[in-house]
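Participant: Sharing a structure below in structure tokens format, with a few things to ask.
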Amino acid sequence: MEFPIFQVPYLGNGMTIALNAVLHLIIVQGITIGVISMIALAEYIGFKKSSEHWENFAKRLLNPTLIIVTGLGSVTGVGIWFITSALSPKGIGLMLRIFFWPWFVEWLVFAVEVIVILLYYFTWEKWSGLKKKQHIYLGFGYSLLAIISAVLITGILGFMLTSDGWPWNRSFWSAFFNPSFTPQLFLRLGIAFGLGSVFTSAYLLFTRQDPMFRKEALRLFGKVALVFLLIGLLSTWWYFSVVPSRFKTHAVFSVLTSHFSQHPEFFWFLNIFGVLILALFSFTALTRSVSISRLLVIPAILFYCCFITEYERVREFIRGPFLLPGYLYSNQVQLDESLFWKENGALKNSYWYSQAGNSADTTAQGVYLFAQNCSSCHTIGGLNDIKDRLRGRTEDGIYVILGNTHQMVPFMPPFSGTEAERRVLSTFLYRLTSGEIKLKAPSRFMFQKGKS
Amino acid sequence: MNKLIDLLLQKPLPDPLLHDLLFVAFVLHMLFVLFTLGTAMLAFYLFLETWRSGKLQESRWDKEVLRTFTVHKSLAVVLGVAPLLLIQLSLTVPFFTGVTLFAPYWILVIILLIISFLSFDSLAHRINIRPYLHLFLGIIALVALLAVPAIFVLVLVTAESPDQWTNIVKNGYRLNGALTFHWLFRYLHILGAALVAGGTFHYFFTTKGDPEKKTKMLHWIVAGILEQFVLGVLVFATLPKKPDYDIVIVMIVGIASAAFLLWSVFKAISKNISLKAKLIYPLVVLIVVPMLLTRQLIQDKSLLPLKKELESNAAVYEKSLKSYSQPALDNYKNDLNTVYDNGKTIFEKSCSFCHGPHADGKGVEASNLTVPPEAIASVRATRGYLYKILIEGVPGTAMPYFGFYEKGKINRLIDFLDSRLDILGKLPPIPAAISPADQEKANQIFSENCATCHGKDGRGTPEAKKFEPPTPDFTVYNLLPERAFEIISNGYPGTMMVSFSNLPEGVRWGLVKIVNDMKR
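Chains A and B are the protein sequences, given in the same order.
Numbering of the first sequence is given in my numbering, commencing with residue 329 and proceeding in unit increments.
Numbering of the second sequence is given in my numbering, commencing with residue 681 and proceeding in unit increments.
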């Protein structure tokens, strides 16, 4: 491996990336795109109708929005990058080389976004009267920029699942405008405006407002919520119709995990229930029923957040065992490299193993092979614990499973190493599972001396 | 081979361009980082001062200062994205190595920034909160914020010192000796720069012509510059390699400009005159750019040769992978075409490497196993029992759990096995004639010997259920007579089931009949 390996204790790497990424997506989709668009819309209506209520509503909502967007939204966005740099350096490094230009343009757009939102906030009082129109343009301009950001990132995310011809032709355009690009974009925008209208409704329902204005605004946001819920549902169906069957078939499992995989009815029940709650909220908002909307708006927000989490989980899980389709497995081993190591050895091609100094020790070899092959998904003692996965297996059983991971479990990469290394790793895993070996620093894969 | 290599995909821009862009982007980022840090420190200091003088109810300068924090920090973050993007391309291996060696701290940056940004912004935008709460939030926000540049410097110092990487690992992922001091001085040196930047910014933007405030800012600037002179010497003294003359010359330009700024500020204080923006702005650029250029040149000296080496190592490695790339792509194509949604595929991919493509237990891996995989073709069992085995696996064997397929797929697998092998079907009659005497003998042997593990009813005794592997339940799981006969005769390797080849053939068939008659 080109880089030293680190694993986040207990949570593991995937979950750490996911926690930050999901928080980011809830904020950027729901607030950066959604709520700010609703603010711009409210300001526009206030201007058209010369209504103080709409104007004040928009202005007051912008205050907390700005703090969340610049404090939490942008930091968690950079956070995805930070965290993957530490946990999946090769993956992110390669992605940056393939998608340099979208990322570079995204940086420019992001920079303009920040300037526009700050201007929008600080000029609210100053740009009144004749300049009010320009201020409104600024608000909608911001929404447009945020949508452009979504377009740029969607191309990159879509590539990871539906790479189209990239593995063969290495063409940027086929990678970026991959088959799931358009449906995913619509899906994300559906969620963005849908969640944005629900967030805005929550603010409307739980802050002091003029009762007549509240009903009027609630009806509008209910309308928006309903339209984008429908767009979201249609594009979900569209999205899954373009995902290759190879990957799509693991969607239900990805949500249920092995804890609930034998109860697929949970999956359908909860999803349908969630959609019904969202639809019900939209209807009660449309009919201007304040008290029932108050009851439903928090569940609606929670279900939207769950749907975002669910979608990202499905998208990231079902692409397994690939991180970059046709090029890199999820454990950061290249597809061709895996074949090369099978013949020529993984350990002797690993710079960081050669630096460790105890290369003759089989426990050291085993733990390194584990770190390299397994640790991007499995922890020792935490989530997706390898000891739970292998409990009850014989040593030769582990050896056989290791040699067939890729075909036996469709989302697992193959073991990359020689037959001898496969034997070393299986012995290590057997002794680890039976409690013979204990790690003292699991995040760096160091084992207790004297126990080896 | 043991050589560190660069990533194999081509870079999108030529190296010299990446290098120069990185420098420009970094300067812009640093400028706002310094404003952010300077503003935070200044606002906190001013809050303490206002509190001490009991003027918290009056118009609050510290809040005005802090209100600019939203702008500085937003721009610092967004301008930080470009150098992050560019350094990961141009210095891929050194940068990621610095990051991964100090991964937990690097990830912590995100949490620190969130804590600090949310706290500072709420302090700036809330009109009035209790002073103790302000103090508490302020301390948390400031400590979190000031920790961030320490981590960045840590990663950069590491990235710039490739000869220390192995030592850092051996040292338990910590910096060692001289490098620790270098890191500390560089970090404190940046805080000094932040004092100067914060003082200068607020001198021009938030003092609003108040001479008292202006003087305070001038003192603040003086303190910052003096701090930097002292720490600059220490940073220089602890540089891992002594810099060349060209680097020293650039550095002297920066120092001279800083000295000039110091002199201007002294003059402004003593003669009670205002600093002129026209003079100060270019002067700040003349300090910041040469100083960052010095850093850049030192970095280049240590990393450019390494970069060349990494790239040539990568070229060699790429060559050795060449013959594997087509097979890898072919495998990938096969993978894409293999859909695990039907019993046939699941059997072929997940089962047959042990149980054999003909379900006779003769898969390619069978010879590696002490407990041979069962010949599934000979099994007759209930759906429930098969389902249980598939979900739980069989302890003490290679048979894993298959809970990574959801219920529908497991059932499709069982359906497939049934359609192919009649696994859920009836048992055929015993193919041999058994004399009553043999059957009598078999009955006796079963209750005396076999039942100690298998139980009189064939379900297995509680003790035998804990064996690894456990005894099967003959009321729901049976084998074709020939296979059962074979196991009774030869035993089941790797399990408690021993051979009974000493019994006459007729008695063995009698045992098969007993077991198979137990099937419900």
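A virtual CB, placed ideally from N, CA and C, is assigned to each residue, including glycine.
These numbers come from a predicted model, not from an experiment.
(1) Give every residue of the same chain whose Cβ lies closer than 7 Å to the Cβ of Ser502 of chain A, excluding the five residues on either side of it in the sequence, and list them in chain order.
(2) When you compare the region 501 to 516 of chain A with the region 596 to 609 of chain A, are there three or more beta-carbon pairs, one atom per stretch, that lie closer than 8 Å?
(3) Counting only the same chain and skipping the five closest in sequence on each side, list residues whose C-beta sits under 8 Å from that of Arg1139 of chain B.
(4) For my contact list, Ala553 of chain A and Val526 of chain A are in at a C-beta cut-off of 8 Å; report their separation, rounded to the angstrom.
(5) Under a Cβ-count criterion, where at least 16 other Cβ atoms within 10 Å of its own Cβ denotes burial, should Val823 of chain B be classed as buried or exposed?
(6) Would you report the Cα separation of Asn1170 of chain B and Asn1182 of chain B, rounded to the nearest angstrom?
(7) At 8 Å on the CB atoms, spell out the chain A contacts of Glu1086 of chain B, in chain order.
(8) Does the beta-carbon distance from Phe797 of chain B to Gly467 of chain A come in below 8 Å?
(9) Output, in chain order, the set of chain B residues within a Cβ distance shorter than 8 Å of Phe334 of chain A.
(10) Please report the distance separating the alpha-carbon of Asp1015 of chain B from that of Ile646 of chain A.
(11) Phe454 of chain A touches chain B at which residues, Cβ-Cβ below 8 Å?
(12) Since Phe427 of chain A and Ile484 of chain A are thought to touch, with beta carbons under 8 Å apart, how far apart are those beta carbons, to the nearest angstrom?
(13) Which chain B residues are close to Arg772 of chain A, counting only those with a beta carbon under 8 Å from its beta carbon?
(14) Could you have a look at Ala1039 of chain B and say whether DSSP puts it in helix, strand or coil?
(15) Among the residues of its own chain, which have a CB less than 6 Å from the CB of Thr1077 of chain B, if the five just before and after it don't count?
(16) Can you say whether Pro653 of chain A is buried or exposed, counting buried as having 16 or more other CB atoms within 10 angstroms of its CB?
(17) Here's the rule: buried if 16 or more other CB atoms are within 10 angstroms of the residue's CB, otherwise exposed. What is Arg547 of chain A?
(18) Which whole-angstrom value describes the C-beta separation of Pro763 of chain B and Ala705 of chain B, a residue pair presumed to lie in contact below a C-beta threshold of 8 Å?
(19) Classify Asp689 of chain A as helix, strand or coil using the three-state DSSP reduction.
(20) Go ahead and pull the three-state DSSP assignment for Ala783 of chain B.
(21) Run the CB neighbour count on Phe816 of chain B, radius 10 Å, all protein chains shown included, and call it buried at 16 or more, exposed below.
(22) DSSP on Lys779 of chain A, reduced to helix/strand/coil?
(23) Alpha carbon to alpha carbon, what distance is there between Tyr679 of chain A and Ile395 of chain A?
(24) Among the candidates B:Lys896, B:Ser937, B:Gly1088, whose CA atom is the shortest distance from the CA of Ile949 of chain B?
(25) Quick one: list the residues of chain A neighbouring Gly1073 of chain B, beta-carbon separation under 8 Å, in chain order.
(26) Would you say Lys683 of chain B lies against chain A (beta-carbon separation less than 8 Å)?
(27) Going along the chain, which residues of its own chain have a beta-carbon closer than 6 Å to the beta-carbon of Arg881 of chain B, five neighbours each way excluded?
(28) Please report how far the alpha carbon of Lys1091 of chain B lies from the alpha carbon of Ser582 of chain A, in whole angstroms.
(29) Per DSSP, which residues does Tyr657 of chain A bridge with? Please list them.
(30) Could you list the residues in the region 1027 to 1041 of chain B with a C-beta less than 8 Å from some C-beta on chain A, going in chain order?
(31) Exposed or buried, what is Ala936 of chain B when buried is set at 16 or more other beta-carbons lying within 10 Å of its beta-carbon?
(32) Lys683 of chain B: which of A:Phe611, A:Gln693, A:Ser682 sits nearest, CA to CA?
(33) Would Leu663 of chain A pass as an interface residue toward chain B - the criterion being a Cβ-Cβ separation below 8 Å?
(34) Expressed to the nearest angstrom, what Euclidean distance is found between the alpha-carbon atoms of Leu722 of chain B and Ile932 of chain B?
(35) Output, in chain order, the set of chain B residues within a Cβ distance shorter than 8 Å of Arg425 of chain A.
(36) For a quick check, are the C-beta atoms of Arg1060 of chain B and Gly1105 of chain B less than 8 Å apart?
Facilitator: Concretely, from the data shown:
(1) The residue you call residue 502 of chain A lines up with position 174 of the first sequence. For Ser502 of chain A, the CB contacts under 7 Å within the same chain, skipping 5 residues up- and downstream, are Asp492, Gly493, Trp494 in chain order.
(2) Because the criterion of three Cβ pairs below 8 Å is not met, the region 501 to 516 of chain A and the region 596 to 609 of chain A do not touch.
(3) The residue you call residue 1139 of chain B lines up with position 459 of the second sequence. Asp1153, Phe1154, Thr1155, listed in sequence order.
(4) Sequence index remark: in the first sequence, residue 553 of chain A carries index 225 (1-based). Sequence index remark: in the first sequence, residue 526 of chain A carries index 198 (1-based). That belief holds up - the Cβ atoms of Ala553 of chain A and Val526 of chain A are roughly 6 Å apart, short of 8 Å.
(5) Taking the first residue of the second sequence as position 1, residue 823 of chain B is located at position 143. Exposed, by the Cβ-count rule.
(6) As a first step, residue 1170 of chain B must be located in the second sequence, where it is residue number 490. As a first step, residue 1182 of chain B must be located in the second sequence, where it is residue number 502. Take the alpha-carbon of Asn1170 of chain B and the one of Asn1182 of chain B: they are about 10 Å apart.
(7) Translated into positions along the second sequence, residue 1086 of chain B becomes position 406. Under a criterion of Cβ atoms nearer than 8 Å, the residues of chain A adjacent to Glu1086 of chain B are, in order, Val580, Phe581, Leu584, Ser589, Gln590, Pro592.
(8) Translated into positions along the second sequence, residue 797 of chain B becomes position 117. Translated into positions along the first sequence, residue 467 of chain A becomes position 139. In this structure, Gly467 of chain A does not lie closer than 8 Å to Phe797 of chain B by Cβ.
(9) Along the first sequence, one-based indexing puts residue 334 of chain A at 6. Against Phe334 of chain A, the close residues of chain B are Thr780, Ala783, Pro784, in the order they occur along the chain (beta-carbon pairs closer than 8 Å).
(10) Translated into the one-based positions of the second sequence, residue 1015 of chain B becomes position 335. Translated into the one-based positions of the first sequence, residue 646 of chain A becomes position 318. Their Cα atoms are separated by approximately 13 Å.
(11) The residue labelled residue 454 of chain A in the question sits at position 126 within the first sequence. Here residue 454 of chain A is Lys; the residue named in the question, Phe, does not match the sequence. Result: empty, since nearest Cβ-Cβ is about 15 Å, beyond 8 Å.
(12) For this step, residue 427 of chain A is matched to residue 99 along the first sequence. For this step, residue 484 of chain A is matched to residue 156 along the first sequence. Contact flag correct, Cβ pair sits at about 5 Å.
(13) For this step, residue 772 of chain A is matched to residue 444 along the first sequence. Within chain B, the residues near Arg772 of chain A are Tyr853.
(14) Your numbering for residue 1039 of chain B matches position 359 in the second sequence. In the three-state DSSP reduction, Ala1039 of chain B falls in the coil class, being neither helix nor strand.
(15) The residue given as residue 1077 of chain B occupies position 397 in the second sequence. Leaving aside the five residues that flank Thr1077 of chain B on each side, the residues in its chain whose CB is nearer than 6 Å to its CB run, in chain order, Val1051, Pro1149.
(16) Translated into the one-based positions of the first sequence, residue 653 of chain A becomes position 325. By the Cβ neighbour-count rule, Pro653 of chain A is buried, with 16 or more other Cβ atoms within 10 Å of its own.
(17) To locate residue 547 of chain A, count along the first sequence from 1; it is residue 219. Exposed: under 16 other Cβ atoms inside 10 Å.
(18) Counting from one through the second sequence, the residue named residue 763 of chain B turns up at place 83. Counting from one through the second sequence, the residue named residue 705 of chain B turns up at place 25. Yes, they are in contact, since the Cβ atoms of Pro763 of chain B and Ala705 of chain B sit about 5 Å apart, within 8 Å.
(19) Locating residue 689 of chain A in the first sequence gives position 361, counting from the first residue. Under the three-state reduction of DSSP, Asp689 of chain A is assigned to coil, being neither helix nor strand.
(20) If you number the second sequence from 1, residue 783 of chain B lands on position 103. Here Ala783 of chain B carries a helix assignment [DSSP, helix/strand/coil].
(21) Start at 1 with the first residue of the second sequence, and residue 816 of chain B comes out as number 136. Answer is exposed; the Cβ neighbour count stays below 16.
(22) Residue numbering aside, residue 779 of chain A sits at position 451 when the first sequence is read from its first letter. Here the model assigns Lys779 of chain A a pLDDT of 40, short of 50, so the residue's position is not dependable, and the following value carries that caveat. Coil.
(23) For this step, residue 395 of chain A is matched to residue 67 along the first sequence. For this step, residue 679 of chain A is matched to residue 351 along the first sequence. Those two C-alpha atoms are separated by around 45 Å.
(24) For this step, residue 949 of chain B is matched to residue 269 along the second sequence. For the set B:Lys896, B:Ser937, B:Gly1088, the Cα lying nearest the Cα of Ile949 of chain B is the one of B:Lys896.
(25) Mapped onto the second sequence, residue 1073 of chain B falls at position 393. Close to Gly1073 of chain B, with beta-carbon spacing below 8 Å, are these residues of chain A in chain order: Gly720, Arg721.
(26) Stepping through the second sequence from its first residue, residue 683 of chain B is reached at position 3. Interface flag for Lys683 of chain B against chain A is set, since a Cβ pair is found closer than 8 Å.
(27) Looking up residue 881 of chain B in the second sequence gives position 201. In the sequence as presented, Arg is not what sits at residue 881 of chain B; that position holds Phe. Hits under 6 Å: Phe715.
(28) Counting from 1 along the second sequence, the entry for residue 1091 of chain B is found at position 411. Counting from 1 along the first sequence, the entry for residue 582 of chain A is found at position 254. The residue you asked about is not Lys; residue 1091 of chain B is Asn in the sequence shown. Rounded to the nearest angstrom, the two C-alpha atoms are 18 Å apart.
(29) Here residue 657 of chain A refers to the residue found at position 329 of the first sequence. Tyr657 of chain A pairs with A:Phe650.
(30) Contact annotation: in the region 1027 to 1041 of chain B, residues whose CB is within less than 8 Å of a CB in chain A are Lys1029, Ser1030, Phe1033, Cys1034.
(31) By one-based count along the second sequence, residue 936 of chain B stands at place 256. Exposed, since its Cβ has fewer than 16 Cβ neighbours within 10 Å.
(32) What you label residue 683 of chain B is simply residue 3 of the second sequence in a count that begins at 1. When each option's Cα is compared against that of Lys683 of chain B, the closest is A:Ser682.
(33) Sequence index remark: in the first sequence, residue 663 of chain A carries index 335 (1-based). Answer yes: the Cβ-Cβ gap between Leu663 of chain A and chain B drops below 8 Å somewhere.
(34) For this step, residue 722 of chain B is matched to residue 42 along the second sequence. For this step, residue 932 of chain B is matched to residue 252 along the second sequence. In a straight line, the C-alpha of Leu722 of chain B is about 29 Å away from that of Ile932 of chain B.
(35) Here residue 425 of chain A is taken as the residue at index 97 of the first sequence, counted from 1. For the C-beta of Arg425 of chain A, the chain B residues within less than 8 Å are, from N- to C-terminus, Leu687, Leu689, Gln690, Lys691, Pro692, Leu769.
(36) The residue given as residue 1060 of chain B occupies position 380 in the second sequence. The residue given as residue 1105 of chain B occupies position 425 in the second sequence. One thing to note: Arg1060 of chain B has its Cβ within 8 Å of the Cβ of Gly1105 of chain B.
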